[in-house]
Amino acid sequence: MSSCRKDNFQPTIKQYDSIQIKNYIAANGLTDFLKDTIGGDTTGMYYKIISPGSGPALQYSDKVAFVYTYKTLDGSYVTSDTISNHYFDYVGHIFVNHYPLGMQTAVHNLLKYANASIRVLIPSRLAYGNLGSGSGSSQVANNRIKGNESLDVYIHAINYLPINNAPTNGFPVYDDMVIQNYMKANNLTGYTKTADGLYYSILTPGTGTDAILTTSSITATYTGQLLDGNIFDGSHNGVNIATFAISDLLPGVQEGLQKAVAGTKISMLIPSSIAYGLPGSSGIAPFSCLRFTWQIITVTQ
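As structure tokens, then:
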């Protein structure tokens with residue numbers, strides 16, 4: 001009797017997530033992924049350690065800095081800009097900072113260490129749930145994450161600050177790699193590297209005779225941009241001349257401008273340590289490397 005058949009399978013959300021993730025692994029030929037069994041196989045996450053880290057295990061009370069990418073398993077949403085996808089805060093604040101709970105769990109339980117990299121498949125119930133995330137139509141790719149969508153996440157922890165805020169030495173290496181990759185991708189040559197990791201290039205030699213010192217003032221125009229090309233400061237974007245006290249500028253800009261005189265046009269690629277540092281600034285992600293172009297008009301001592 002047809003009324004007695006039980007083939008109308010209605011999976012729970014945990015079962016649905018498991019089916020979607022297993023199908024994704026098979027369809028994409030993913031290998032060496034392990035199922036997270038910490039805490040008694042409760043998360044449903046699958047992960048692969050790409051690079052093991054070192055040092056003490058991360059605690060929820062530790063600060064962590066990482067770059068990340070993620071996409072939905074159906075490919076309808078992708079965020080892959082590792083120039084802007086930066087996080088710096090406590091491990092225990094990842095979720096309250098509006099990231100998926102699965103990311104916080106993965107960093108603490110699976111990634112575990114500074115300088116480690118991981119790829120993790122996060123079930124929808126530990127991602128953005130049945131409501132999804134973002135605005136607009138769920139049918140518009142890369143506009144919002146649909147409900148019940150699991151995520152494919154990559155996380156690379158560069159460095160972390162324990163509760164005593166004592167940094168390790170991961171950032172100089174990471175920043176230099178980012179800048180060198182940027183130079184290669186954009187065919188930039190003729191740059192000189194300083195001891196602080198600043199890269200600079202004199203685009204137009206100046207004709208002035210007064211050296212720029214930390215006590216100097218200059219009139220100039222400049223453009224500041226992120227390494228993904230987004231201009232974060234165009235208020236003096238090659239047009240509006242303004243006066244600046246050198247001592248008021250970012251440390252990396254100060255160092256670069258001391259290579260110039262009046263009339264110089266100079267390009268600088270600045271590591272985060274001598275830019276806005278770990279916290280970042282308004283509109284600038286944590287530990288962002290920056291590009292500046294300055295045109296020096298006058299120098300006053």
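Each residue of the sequence shown is one higher than the one before, starting from 1 at the first, in full-length UniProt numbering.
Ideal Cβ positions, reconstructed from N, Cα and C, are used throughout, including at glycine.
Ordered list of beta strand (DSSP E) runs contained in the region 98–155, each at least 3 residues: 117–122
Leu226: first and last residue of the uninterrupted beta strand (DSSP E) it sits in: Ser217 to Leu226
Cutoff 6 Å; reference Tyr60; Cβ partners in own chain excluding five residues on either side: Val91 and Gly92
Beta-ladder partner(s) of residue 364, from DSSP: Lying before the first or after the last residue shown, residue 364 is absent from the chain, which here runs from 1 to 301.
Ordered list of alpha helix (DSSP H) runs contained in the region 28–69, each at least 4 residues: 38–41
DSSP-derived helix/strand/coil call for Phe171: helix
For Ser267, three-class secondary structure by DSSP: strand
Residue range of the unbroken alpha helix (DSSP H) whose run includes Leu188: Run containing Leu188: none; DSSP gives neither H nor E here.
C-beta atoms of Ile145 and Thr209 nearer than 8 Å: no
Rounded C-alpha distance that separates Tyr70 from Ala185: 22 Å
Element boundaries [beta strand (DSSP E), containing Val299]: Leu290 to Thr300
Spatial distance of Ala106 from Val64 (CA atoms): 13 Å
6 Å Cβ shell around Gln104 - same chain, five flanking residues per side excluded: Ile94 and Phe95
According to DSSP, residues forming a beta bridge with Val78: Lys71
Rounded separation between Asp32 and Leu290 - CA only: 37 Å
Under 8 Å between C-beta atoms of Thr223 and Thr293: yes
Coil, strand or helix - Lys193 by DSSP: strand
Residue interval of the alpha helix (DSSP H) (run including Leu278): Where Leu278 is concerned, there is no enclosing alpha helix (DSSP H), given that its DSSP letter is neither H nor E.
Simplified DSSP state of Asn230, which is helix, strand or coil: coil
Alpha carbon of Thr219 to alpha carbon of Leu257, nearest angstrom: 12 Å
Whether Ala157 touches Leu110 by CB criterion (8 Å): no
Whole-angstrom distance between His108 and Leu101, CA atom to CA atom: 11 Å
Buried versus exposed call for Pro11 [16 or more other C-beta atoms within 10 Å across all chains shown]: exposed
7 Å Cβ shell around Gly132 - same chain, five flanking residues per side excluded: Ser138, Arg144, Ile145, Lys146, Gly147 and Glu149
Under the three-state DSSP convention, the category residue 303 falls into: For the chain, the structure presents residues 1 to 301; residue 303 sits outside this window and is missing.
Same chain only: Cβ atoms within 7 Å of Ser51, ignoring 5 sequence neighbours per side: Ala116 and Ser117
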